[in-house]
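>
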Amino acid sequence: MYSFIDVTEVSSDVSIPAEALKINGSYIEDEIDGYRTLSVTGREALSQELTTYTTGARDGEIMQRRRLPSRTITVQFQLIAASDTAYRTAFNKLAKILNVENAQLVFADEPDKYFVGTPSEISEIEPGKNAIVGEFSLYCPDPLKYSVALYEVTVPKGENNVSFDYGGTYPSYPTLEADFYEETEISADGETQSALTGNGDCGYVAFFDKEQNIIQMGDPDEIDSGDVAEKSQTLIDQEFLTSGAWGSAAQGLWSANSGSIFPDNAVQMGAVGMLPGSYNSEGAARYYYLSATNFGTRSGLWHGPSITRVIPEDAGGDAGATNFQISYKHKMCIGSSASSVNQYGDFQVQAIDSTGNVIAGARIVKWRSGKVGSAMFYVGGVNVGSAEVDLSHWNPMSGKDEPDIPTSWIRKTGSEIVFNMLGMRYSFYEPSLSNVEAKKITVAFGAFSDKPAMSYNGLFWLKFVKDNCDTYIDIPNKFSTNDVLIADCKNGEIYLNNIAAPELGALGNDWEKFALTPGANHIGVAYSDWVASTYAPTFKIQYREAFL
480 MYSFIDVTEV SSDVSIPAEA LKINGSYIED EIDGYRTLSV TGREALSQEL
530 TTYTTGARDG EIMQRRRLPS RTITVQFQLI AASDTAYRTA FNKLAKILNV
580 ENAQLVFADE PDKYFVGTPS EISEIEPGKN AIVGEFSLYC PDPLKYSVAL
630 YEVTVPKGEN NVSFDYGGTY PSYPTLEADF YEETEISADG ETQSALTGNG
680 DCGYVAFFDK EQNIIQMGDP DEIDSGDVAE KSQTLIDQEF LTSGAWGSAA
730 QGLWSANSGS IFPDNAVQMG AVGMLPGSYN SEGAARYYYL SATNFGTRSG
780 LWHGPSITRV IPEDAGGDAG ATNFQISYKH KMCIGSSASS VNQYGDFQVQ
830 AIDSTGNVIA GARIVKWRSG KVGSAMFYVG GVNVGSAEVD LSHWNPMSGK
880 DEPDIPTSWI RKTGSEIVFN MLGMRYSFYE PSLSNVEAKK ITVAFGAFSD
930 KPAMSYNGLF WLKFVKDNCD TYIDIPNKFS TNDVLIADCK NGEIYLNNIA
980 APELGALGND WEKFALTPGA NHIGVAYSDW VASTYAPTFK IQYREAFL
């Protein structure tokens, strides 16, 4: 039984109402003095829309399909203020709270579930009063409500299926995840080097339900031979995620300040080391990355440290790579203070040939006051394109923690060079580079003249995969160690290392049918049969329960 008070009454109970609305984590009552929810409509079960047709003289109709329409939730509220000024301040704050899109909407009497909606209308308010009753509406294109809790089920190691109970009352589209075998060539303390085996490389993965609906990614026709080297081979896979990651073994693989970078007059100087990439609420380091610990000094020029690594030989003993992909995660953003807009910074990754020329490279540079910078793309030592990028504090593409930043990559296949960086994808063709081999990789961090350096500018990890070795295999393996593959069944989207990869999906994927149903569910998995079970991917199913 819900209780309500008249608009002019003062409640002796300061607790929030039963139907109080929490928008994106905050109750409006907690944000605005004098605001109180009076009633809410539109949360109840919806009538379904039915499409029917008639056939000849047959009695009645035949149902063709049914669907749930969108819903609109209406909130009636009161607002009481002690003065005109307080009233105007409160209403301005309400307008700010309602200025959101696709917000999470939680009601106090059902705190474990939420709708997703956008404020669409607000009623006319009676003028000349500081105690009013009003209404606003929230449009929910998805009529369902979902569990706040995100559930995760993991397929046990050595098994190819898992069963579990789904507690929702309406089907829910899950997120499917395959985490490929983890392998790194340098230990977490940076002191021990291990050979990369490639045992976790895989050609395809698939999820299927008891109705044989399937979501498949990669190519099940890929084959592999255990007697010869793989066509697609990981030659570098180095993480910089712990405070000790730049130890003696790690440093021994790279040479300092001897690479090929841009601009040509940039001075390579200073040193790199492990620095905190973010902090927790207690001020302790949460994530580390490799960054400049000393930029050196040079008036009027870009300057800072670089590290360069010779690309190792592949399993067939060949050095260099004509076709390759460099993948990495990098954080770059200004600080949170007002003066941070004056920071300058530079980060670049370059693939270099045997003569020291750049084959392909990417650079992010902030060279003026503000919150934006430029992404620059280099092919054959020439800047072939650029785009403006957001470098504000905590920006979604390069300002967050390692798990939340999209992977960037540079891929060369013959004469085609593709860049995927900060949500942008560009392709370039240069026939003269078709047979040119990459021999080294350079990573550089820069500052300009005496300008303050970027608050955050560091490398979390870097991987180099060589394609098209001169050894037998059918086609390149699509997945390698440490990759994370995600299929979003609700939106029909595939992501590899946080980057959209629609090309990995099979044409016949059952996106619209692959849903969890109330009660017992059974999900099976499959992967390339030449991957030993010890090195098999870890399969996960994540979902929220859905309710009418």
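Take 480 as the starting number for the sequence shown in my numbering and just add one per residue.
By construction, the Cβ of each residue, glycine as well, lies at the ideal position given by its N, Cα and C atoms.
If you check the beta carbons only, do V868 and N640 fall under 8 Å apart?
Against a cut-off of 8 Å, the Cβ pair of N640 and V868 comes out as no contact.
> Whole-angstrom Cβ separation of I786 and K918, contact assumed at under 8 Å?
With a Cβ gap of about 15 Å, I786 and K918 do not count as contacting.
> Would you check if the segment 804-817 and the segment 905-914 touch, i.e. whether three or more CB-CB distances between them fall below 8 Å?
Too few Cβ pairs lie closer than 8 Å, so no.
> Taking the alpha-carbon of R777 as reference, which of G749, G795 and A800 has the nearest alpha-carbon?
Closest option to R777, Cα to Cα, is G749.
> Can you tell me whether R1023 is helix, strand or coil according to DSSP?
Looking at R1023 - three-state DSSP - the assignment turns out to be coil, as it is neither helix nor strand.
> In three-state terms, what does DSSP make of Q730?
Helix at Q730.
> For N578, which of S599, Q691, K592 and F586 has the nearest alpha-carbon?
Residue S599 is the option with its Cα nearest to N578.
> Could you please give the first and the last residue of the uninterrupted beta strand (DSSP E) stretch that includes K575?
Element bounds for K575: not the beta strand (DSSP E) but the alpha helix (DSSP H), D563 to I576.
> By the three-class DSSP mapping on this structure, what secondary structure does I495 have?
Coil at I495, not helix or strand.
> Thinking C-beta only, is Q527 closer than 8 Å to R545?
It is a contact, given that the beta carbons lie within the stated cut-off.
> Between S673 and E664, which are expected to be in contact by the criterion C-beta below 8 Å, what is the C-beta distance as a whole number of angstroms?
6 Å between Cβ atoms; contact.
> Can you pull the DSSP bridge partners for S592?
Checking the displayed sequence, the identity of residue 592 turns out to be Lys instead of Ser. Per DSSP, S626.
> Tell me whether S1007 sits in a helix, a strand or coil according to DSSP, three-state version.
Coil, per DSSP.
> Should E508 be labelled buried (16 or more other beta-carbon atoms within 10 Å of its own) or exposed?
The residue in question, E508, is buried, as its Cβ has 16 or more Cβ neighbours within 10 Å.
> Secondary structure at S1012, three-state DSSP: helix, strand or coil?
Residue state, collapsed to three classes: helix.
> Secondary structure at D509, three-state DSSP: helix, strand or coil?
Note: D509 maps to helix in three-state DSSP.
> Can you tell me whether R765 is buried or exposed? The criterion is at least 16 other CB atoms within 10 Å of its CB, across all chains shown.
Exposed, by the Cβ-count rule.
> Compare the beta carbon distance of C444 and T654 with 8 Å and say whether it is the shorter of the two.
Because the chain spans 480 through 1027 in this model, residue 444 falls outside it and cannot be assessed.
> Taking buried to mean at least 16 other C-beta atoms within 10 Å of its own C-beta, is K592 buried or exposed?
So K592 counts as buried.
> Cβ atoms of I838 and F826: under 8 Å apart, would you say?
No, Cβ-Cβ distance for F826 and I838 is not below 8 Å.
> Secondary structure at S819, three-state DSSP: helix, strand or coil?
S819: helix per DSSP, three-state reduction.
> Just how far apart, CA to CA, sit S562 and G878?
Cα to Cα, S562 sits roughly 42 Å from G878.
> Is the segment 989-1002 close to the segment 617-627, with three or more CB pairs under 8 Å?
Segments in contact, no.
> When you compare only the Cα positions, how much space is there between L769 and F943?
So the alpha carbons of these two residues sit roughly 17 Å apart.
> Do G669 and A729 come within 8 Å of each other at the CB atom, strictly closer than that value?
Contact: yes.
> Just the C-alpha distance for D793 and Q712, rounded to the nearest angstrom, thanks.
Each residue's Cα considered, the two are about 7 Å apart.
> For E690, which residues from the same chain have a beta carbon less than 8 Å from its beta carbon, with the 5 sequence-adjacent residues on both sides left out?
For E690, where only same-chain residues beyond five positions count, the Cβ hits under 8 Å are K992.
> Taking the alpha-carbon positions, what's the S815 to L870 distance?
Their backbone Cα atoms lie some 11 Å apart in a straight line.
> Between S757 and P875, what straight-line distance do the alpha-carbon atoms span, to the nearest angstrom?
Each residue's Cα considered, the two are about 14 Å apart.
> Quick one: is P590 buried, meaning 16 or more other Cβ sit within 10 Å of its Cβ, or exposed?
Its Cβ having fewer than 16 others within 10 Å, P590 is exposed.
> Quick test of your reading: T516 and L617, contact by CB under 8 Å. State the CB separation rounded to the nearest angstrom.
With a Cβ gap of about 13 Å, T516 and L617 do not count as contacting.
> Can you list, in chain order, the residues of its chain with a C-beta nearer than 6 Å to that of S476? Leave out the 5 residues immediately preceding and following it.
An answer regarding residue 476 cannot be provided, because it is not within the stretch 480 to 1027 covered by the chain.
> Three-state secondary structure (DSSP) at L912?
It is helical.
> Could you spell out where the beta strand (DSSP E) holding A923 opens and where it closes?
Unbroken beta strand (DSSP E) run through A923: K919 to F927.
> Starting from G857 and walking both ways along the beta strand (DSSP E), at which residues does that stretch end?
Reading the sequence as shown, one finds Tyr at residue 857 and not Gly. Per DSSP, Y857 belongs to the beta strand (DSSP E) from V851 to V858.
> If I'm right that N999 touches N678 with Cβ under 8 Å, what's the distance once you round it to whole angstroms?
Note that residue 999 is Ala in the sequence shown here, rather than Asn. Not confirmed; about 35 Å, so no contact.
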